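**Student:**
Chains as they are written, first to last, in the numbering used here: chain A, 22 to 264; chain B, 22 to 264.
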C-alpha cells in the first residue's frame, strides 16, 4: 500500500482509531560533540518543516503516544521523554494545514476531523544524535537534524513549541540532572562541562562550573579515573539517585 | 431552567459547543493565616468530591477555559494560573463517572461523548482563601475549602492531580516567586516566612530562611517599615521583577 492509500484511509476513518482533537508534538533535541540540534520533518511535496508528532490512539496513554513518535522517528527506545506544556491556542493549526494537504493531492473538506482544532501536548527528549536513525512518517518525505539555532521557520506553532522546550531544558539544568540522558552512565567533568556550555550557548569558567555542580549535589565522583594509564586522567562521575 | 434541564441539554448537544475529549482541572490552593486548603466540589446527590474543572469550548483557548473555571468557582479575577501537567491515562475517568450520572437521574448511554475518554490539562492557582466566594457548578451542590492534607478521597484521578500540583508549588518555591499571589504587594519577612512554613509543612529556622531568601534575590527590601510606630517594626519587602 503506498503512502497516498495509507493517508486516504487515515483521513476517512482515523477518528475511530485516534482522538480527533488531541495530538502530541515532540521536541527531540540532539547533542553530540558540542553541537545541539533538533529533529524536523519536511512535509510531502513541500519545503515546509515541522516537529515530529501525531494523534493519540483511543486506547493509548498520552505518554505512550509520545514515546511511540520518538521511537518511530529515531529508532531509539527507552529514552527519557518529558511532558512540558500543552499548547491550546484556538488558531494554532488552521492556516497552515490546508495547503499541506493539497500538496499531498488529498482533498480534505473544511469540517473534516483532520482540520478541526487540535490541542497538542508538547514533550521533549534529549538524545545523542549520533545514535539516532531519522525516519520520516507517512506525512513527510524527509527527516533530519537541523542546528537548533539555525533551522527553517516551522509549520503551525512549532517554533513556539521548540522555544519553550529549549527554555525548559535550560531552566532544568539549574536544578535537575536533565542532562543524564546525554552522557554515558559514567562521565568526566570535562564532558559534563562541555554539555552545559553547548546547551546554554556560552563559555563557563571551568573552576566555577565544577564548584557549582558539586554544590548542587546531583553528581557524585567515583573512586575511578577515565583510564588507568595516567594519574592525570580525569575522575569519573555519575548522576546521583533522584533526591 | 433548573439544573436538570441545563444538564440534559448539555449532554444532548454539548459536543458541538465543547471539545469532547479535552478538559481542564484546577487545583486551587488557598492560603490564609497559616492554613493551606484546596477547593473541592461535591457532586449532586452524592458524597463524592472532585476538583473544579470543565470542558473547553470549541472557540476558547485552553488557558482561558481554566481562567473561566477559576473565576466561576471563586469569584476571583486576574489570578495567576499555571498550567502544570496534562493527565492522559486511558482509564482515568470511566469507573467513577457512571454512578455520578445515575445519581443525577440522567441516563447516559455507554458510547455517549460525556463518558468517552477525556485528557485533562491541570492548572494550579494560589489564592487567599479569605477573599474567595466558593460557588458550585451545575454538576455539584456544594463547593468548599478543605484542608489540603485532610480531605475526602477524590473522584477520577483528582488525588493524583492535587498531589502533583502541590509538588509543583513546593518545587517552584525553591526557585521562583510563585508565592507572589498569596501576599499583599508589600509584605514583611515574618509574613513570607510563615507562608513558606505553611506550604512546606515544616518549621524553618528564621535566620537561615532569611539568608536563603536574600541569596535567591527574588525579594527586595524597601526603605520602609510596616508601621511608623516603632523602630522595631519589620521592614517591608516586595517581589523583584522577573529576572
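Glycine residues also receive a C-beta, built at the ideal position from the N, C-alpha and C atoms. None of the values given here were measured: they were computed from a predicted structure.
1. To the nearest whole angstrom, what separates the beta carbons of residue 2(A) and residue 136(A), a pair I think is in contact under 8 Å?
2. Using 8 Å as the threshold, is the region 57-64 of chain A in touch with the region 163-183 of chain A, meaning 3 or more CB pairs across them?
3. Starting from residue 100(A), find everything on chain B with Cβ-Cβ shorter than 9 Å and list it in chain order.
4. In chain B, which residues lie with their C-beta within 9 Å of the C-beta of residue 196(A)?
5. Beta-carbon separation of residue 52(B) and residue 216(B) under 8 Å?
6. Quick check: the Cα distance between residue 70(B) and residue 152(B), rounded to an integer number of angstroms?
7. Beta-carbon within less than 6 Å of residue 145(B)'s beta-carbon, same chain only, minus the 5 sequence neighbours each way: which residues are those?
8. Would you list the one or two residues that DSSP bridges to residue 259(B)?
9. Out of 248(A), 214(A), 231(A), which has the shortest C-alpha to C-alpha gap to residue 54(A)?
10. Looking at residue 207(A) and residue 257(A), is the spacing between their C-beta atoms short of 8 Å?
11. Cutting at 8 Å between CB atoms, please list the residues of its own chain near residue 181(A), excluding the five before and the five after it.
12. Output yes if chain A places a C-beta closer than 8 Å to the C-beta of residue 40(B); else output no.
13. Spatial neighbours of residue 179(B) within its chain, please: CB distance less than 6 Å, with the 5 preceding and 5 following residues excluded, ordered by chain position.
14. Smallest Cα separation from residue 147(A): which of 92(A), 38(A), 246(A), 254(A)?
15. Rounded to a whole number of angstroms, what is the C-alpha to C-alpha distance between residue 247(A) and residue 154(A)?
16. Is the shortest distance between the beta-carbon of residue 90(B) and the beta-carbons of chain A less than 8 Å?
17. Kindly indicate the opening and closing residues of the alpha helix (DSSP H) around residue 103(B).
18. I'd like the list of long-range same chain contacts for residue 39(B), defined as Cβ closer than 7 Å, with 5 residues on each side in sequence excluded.
19. Answer yes or no: does any C-beta atom of chain A fall closer than 8 Å to that of residue 83(B)?
20. Does the beta-carbon distance from residue 28(B) to residue 125(B) come in below 8 Å?
21. Counting only runs that start and end within the region 181-255 of chain A, where is the alpha helix (DSSP H) found for 4 or more residues in a row?
22. From residue 160(B) to residue 202(B), what does the alpha carbon distance come to, in whole angstroms?
23. Inspect the beta-carbon positions of residue 229(A) and residue 42(B) and report whether they are closer than 8 Å.
24. Just the Cα atoms here: how many angstroms apart are residue 65(A) and residue 245(A)?
25. Pull up the DSSP beta-bridge partners for residue 163(A), would you.
26. Rounded to whole angstroms, what is the Cα-Cα separation between residue 90(B) and residue 117(A)?
27. Residue 94(B) and residue 189(B) - do their beta-carbons sit closer together than 8 Å?
28. Roughly how many whole angstroms lie between the Cα atoms of residue 234(B) and residue 74(B)?
29. Which residues in chain B have a C-beta closer than 8 Å to the C-beta of residue 107(A)? List them in chain order.
30. For residue 138(A), would you say it is in contact with chain B, using Cβ-to-Cβ distances shorter than 8 Å as the test?
31. By how many angstroms is the C-alpha of residue 227(A) removed from the C-alpha of residue 211(A)?
32. Is the separation between the beta-carbon of residue 236(B) and that of residue 259(B) shorter than 8 Å?
33. Measure the alpha-carbon distance for residue 131(A) versus residue 119(A) and round it to whole angstroms.
34. Could you round the C-beta distance between residue 163(B) and residue 63(B) to whole angstroms and report it? I think they count as a contact, below 8 Å.
35. Report yes if the CB atom of residue 129(B) is closer than 8 Å to the CB atom of residue 83(B), and no otherwise.
36. Could you work out which residue in 254(B), 68(B), 114(B), 184(B) is closest to residue 50(B) when comparing CA atoms only?
**Tutor:** For this structure:
1. Outside the displayed range of chain A (22 to 264) lies residue 2(A), so it cannot be described from this structure.
2. yes
3. By Cβ distance, chain B contributes nothing, its closest Cβ being about 18 Å from residue 100(A), past 9 Å.
4. 192, 195, 196
5. yes
6. 22 Å
7. 48, 103, 105, 186
8. 241(B)
9. 214(A)
10. yes
11. 108
12. yes
13. 71, 72
14. 92(A)
15. 29 Å
16. no
17. That residue, residue 103(B), is in no alpha helix (DSSP H); its beta strand (DSSP E) goes 102-108.
18. 76, 77, 78, 79
19. yes
20. yes
21. 210-221, 227-237
22. 29 Å
23. no
24. 51 Å
25. 63(A)
26. 31 Å
27. no
28. 34 Å
29. 83, 104, 107, 142
30. yes
31. 8 Å
32. no
33. 9 Å
34. 4 Å
35. no
36. 184(B)
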